[in-house]
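**Student:**
Number of protein chains: 2
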Amino acid sequence: MNQPTPIEETVHRHGLRLTPQRQVILEVLRASREHPDAAWVYQQVRQRLPHISLGTVYRNLATLAEKGLIQEITLTDNATHWDGDTTPHTHILCPECRRITDLESFTLPEALLEQAQRVSGFAIQGYRLLFIGICPSCAAQHQRVDAR
Amino acid sequence: MNQPTPIEETVHRHGLRLTPQRQVILEVLRASREHPDAAWVYQQVRQRLPHISLGTVYRNLATLAEKGLIQEITLTDNATHWDGDTTPHTHILCPECRRITDLESFTLPEALLEQAQRVSGFAIQGYRLLFIGICPSCAAQHQRVDAR
DNA sequence: ATGCTTGCAAAACATTTGCACGCAC
DNA sequence: GTGCGTGCAAATGTTTTGCAAGCAT
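Note that the protein sequences, when read in sequence, are chains A and B. Under the working numbering, read the first sequence as residues 1432 to 1579, first letter to last. Under the working numbering, read the second sequence as residues 1432 to 1579, first letter to last.
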């Protein structure tokens, strides 16, 4: 949806084999706006490949991230989350419902990156930015509760 | 070192009891620039309190973070890391050596926060920003290796 | 045919929790 | 004295890994 390049081509171009497991995992991730963890991906994929093992899911998530086909989100709770959208974008976490939402087309100004590079002496390759805030639906719940 | 408020006073002000375990954990975190995980804190504290249990370390890290006496850094690998410096600052992770370094006094401009709030509809409370880049010492190693 | 990938199950980690006791207040 | 905090150990949850077999190329 968000990444129109055909899966087969993308996978092959990165020197990986196209197995049914790998294909479905990628499809699930690309079709989802959920930023799921491995367990969720496993459950989804199992609906189409009942024999897939959890280990395979973990191995593929790691491999795909390594090749840049998906993104790792290690920002929140115990479990690592994954994002099929590899375009640069920022996330927001609602501490109430623990859901991760996309902040479309929000990028740091170049000037900030340069400042970071200058101050730190590091060769900056990228960044991870997570905003934290109450989502509209949780805010609405608060109002209801507070009104009691 | 970076937070001059006496530990006893700080702990009491937040409605917590000052146990030897809690005190040493806080001292270790404040004295360190390591951004350590629970296992590292445990090892350090055990040098002074050989009988402390790992569970106590975990419980205290959670409690102290909840009260705002330390900061949680959940940006990187599986283990949660902790920071005794609660002033707002940004981190840099070197993917080579996996070390987390401080980026002193680097904050996002207010305008960006407002933009995020406007675009998302969330009530933004804060953010976590991690730059990713090769640290000077790893960059030097690369040069050596590449030159072979 | 070659060797990357998989399934399975066990292992390795990271973290949490129940319970009785002890100590800070 | 009260109840928060601790030690211990077991439980829980997440992720990794060894191995033999399977399949994409």
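Glycine included, every Cβ here is placed at the ideal spot set by N, Cα and C. Here the structure is a predicted model, which means the values were calculated and not measured.
#1: Is it buried or exposed, S1484 (chain A), if we count other Cβ atoms within 10 angstroms and call 16 or more buried?
#2: Using 10 angstroms around the beta-carbon of R1461 (chain B), count the other beta-carbons present and answer buried if the total reaches 16, otherwise exposed.
#3: To the nearest angstrom, report how far apart T1518 (chain B) and I1531 (chain B) are at their CA atoms.
#4: Should the segment 1496–1503 of chain A be regarded as contacting the segment 1534–1551 of chain A, the criterion being three or more beta carbon pairs within less than 8 angstroms?
#5: Does DSSP put G1486 (chain A) in a helix, in a strand, or in coil?
#6: Quick check on M1432 (chain A): buried or exposed, where buried means 16 or more other Cβ atoms within 10 Å of its Cβ?
#7: Note down, one range per segment and in chain order, each alpha helix (DSSP H) of at least 4 residues found wholly within the segment 1470–1550 of chain B.
#8: For I1523 (chain B), which residues in chain A fall below 7 angstroms Cβ to Cβ?
#9: How would you list, in chain order, the residues of chain B whose beta-carbon sits under 8 angstroms from the beta-carbon of P1467 (chain A)?
#10: Alpha carbon to alpha carbon, what distance is there between A1510 (chain B) and L1534 (chain B)?
#11: Answer yes or no: does any C-beta atom of chain A fall closer than 8 angstroms to that of N1433 (chain B)?
#12: Once DSSP output is grouped into helix, strand and coil, what is the label at M1432 (chain B)?
#13: Can you give me the C-alpha to C-alpha distance between Q1474 (chain B) and R1453 (chain B), rounded to a whole angstrom?
#14: So, with DSSP's three-state summary, where would you put R1559 (chain A)?
#15: Residues in its own chain within less than 6 angstroms of N1491 (chain B) by CB, not counting five upstream and five downstream?
#16: What does DSSP give as the partner residues of A1554 (chain B) in its beta bridges?
#17: If you draw a straight line from the alpha carbon of Q1394 (chain A) to that of Y1558 (chain A), how long is it in whole angstroms?
#18: From this set, B:L1449, B:I1523, B:S1568 and B:C1528, which residue's C-alpha is nearest Q1562 (chain B)'s C-alpha?
#19: With a threshold of 16 other CB atoms inside 10 Å of the CB of Q1528 (chain A), please say whether the residue is buried or exposed.
#20: Mind pulling the chain B residues with CB within less than 9 angstroms of Q1556 (chain A)?
#21: Could you tell me the alpha carbon to alpha carbon distance between T1494 (chain B) and I1565 (chain B), rounded to whole angstroms?
#22: Please report the straight-line C-alpha distance between I1438 (chain A) and I1555 (chain A), rounded to a whole angstrom.
#23: Select from B:G1552, B:H1445 and B:V1442 the residue whose C-alpha is nearest the C-alpha of A1571 (chain A).
**Tutor:** Quick answer:
#1: Here residue 1484 (chain A) is taken as the residue at index 53 of the first sequence, counted from 1. That one is exposed.
#2: Locating residue 1461 (chain B) in the second sequence gives position 30, where the first residue counts as 1. Buried, because 16 or more other Cβ atoms sit within 10 Å of the Cβ of R1461 (chain B).
#3: For the purposes of this step, residue 1518 (chain B) is taken as residue 87 along the second sequence, with counting starting at 1. For the purposes of this step, residue 1531 (chain B) is taken as residue 100 along the second sequence, with counting starting at 1. Rounded to the nearest angstrom, the two C-alpha atoms are 16 angstroms apart.
#4: no
#5: Position 55 of the first sequence, counting from 1, holds the residue named residue 1486 (chain A). G1486 (chain A) falls in the helix class under three-state DSSP.
#6: Sequence index remark: in the first sequence, residue 1432 (chain A) carries index 1 (1-based). Below a pLDDT of 50, predicted positions are generally treated as unreliable, and M1432 (chain A), at 49, falls in that range; the measurement from the model is reported next regardless. The residue is exposed, with fewer than 16 neighbouring Cβ atoms inside 10 Å.
#7: List check, alpha helix (DSSP H) in window: 1485–1497.
#8: On the second sequence, residue 1523 (chain B) is found 92 positions in, with the first residue counted as 1. Result: S1551 and F1553.
#9: Taking the first sequence and counting its residues from 1, one reaches residue 1467 (chain A) at position 36. Going along chain B, no residue has its Cβ under 8 angstroms from P1467 (chain A), so there is no contact; the nearest lies around 17 angstroms.
#10: Along the second sequence, one-based indexing puts residue 1534 (chain B) at 103. Along the second sequence, one-based indexing puts residue 1510 (chain B) at 79. Distance between the alpha carbons of L1534 (chain B) and A1510 (chain B): 21 angstroms.
#11: Along the second sequence, read from residue 1 onward, the residue named residue 1433 (chain B) stands at position 2. Note that N1433 (chain B) scores a pLDDT of 49, beneath 50, so its modelled location is shaky; the value from the coordinates is reported in the next line. Output row for N1433 (chain B): interface = no.
#12: Start at 1 with the first residue of the second sequence, and residue 1432 (chain B) comes out as number 1. Here the model assigns M1432 (chain B) a pLDDT of 49, short of 50, so the residue's position is not dependable, and the following value carries that caveat. If DSSP states are grouped into helix, strand and coil, M1432 (chain B) belongs with coil.
#13: Here residue 1474 (chain B) refers to the residue found at position 43 when the second sequence is read from its first residue. Here residue 1453 (chain B) refers to the residue found at position 22 when the second sequence is read from its first residue. Approximately 14 angstroms between the Cα atoms of the pair.
#14: Taking the first sequence and counting its residues from 1, the one referred to as residue 1559 (chain A) is at position 128. Strand, per DSSP.
#15: Working through the second sequence from its first residue, we reach residue 1491 (chain B) at position 60. Excluding residues within five positions, the ones whose Cβ falls inside 6 angstroms are R1453 and I1456.
#16: As a first step, residue 1554 (chain B) is located in the second sequence; it is residue number 123 there, counting from the start. Answer by DSSP bridge pairing, in chain order: A:I1565.
#17: As displayed, chain A neither begins before 1432 nor continues past 1579, which places residue 1394 (chain A) out of reach and without an answer.
#18: By one-based count along the second sequence, residue 1562 (chain B) stands at place 131. Residue identity check: residue 1562 (chain B) is Phe in the sequence provided, not Gln. Of the candidates B:L1449, B:I1523, B:S1568 and B:C1528, the one whose C-alpha sits nearest the C-alpha of F1562 (chain B) is B:I1523.
#19: Taking the first sequence and counting its residues from 1, the one referred to as residue 1528 (chain A) is at position 97. Checking the displayed sequence, the identity of residue 1528 (chain A) turns out to be Cys instead of Gln. Looking at its Cβ environment, which holds fewer than 16 other Cβ atoms inside 10 Å, C1528 (chain A) is exposed.
#20: Along the first sequence, one-based indexing puts residue 1556 (chain A) at 125. What Q1556 (chain A) touches in chain B: P1526, F1562, I1563, G1564 and I1565.
#21: Looking up residue 1494 (chain B) in the second sequence gives position 63. Looking up residue 1565 (chain B) in the second sequence gives position 134. The alpha-carbon atoms of T1494 (chain B) and I1565 (chain B) are separated by roughly 33 angstroms.
#22: Along the first sequence, read from residue 1 onward, the residue named residue 1438 (chain A) stands at position 7. Along the first sequence, read from residue 1 onward, the residue named residue 1555 (chain A) stands at position 124. When rounded, the distance between both Cα atoms is 30 angstroms.
#23: Stepping through the first sequence from its first residue, residue 1571 (chain A) is reached at position 140. That would be B:G1552, whose Cα lies nearest to the Cα of A1571 (chain A).
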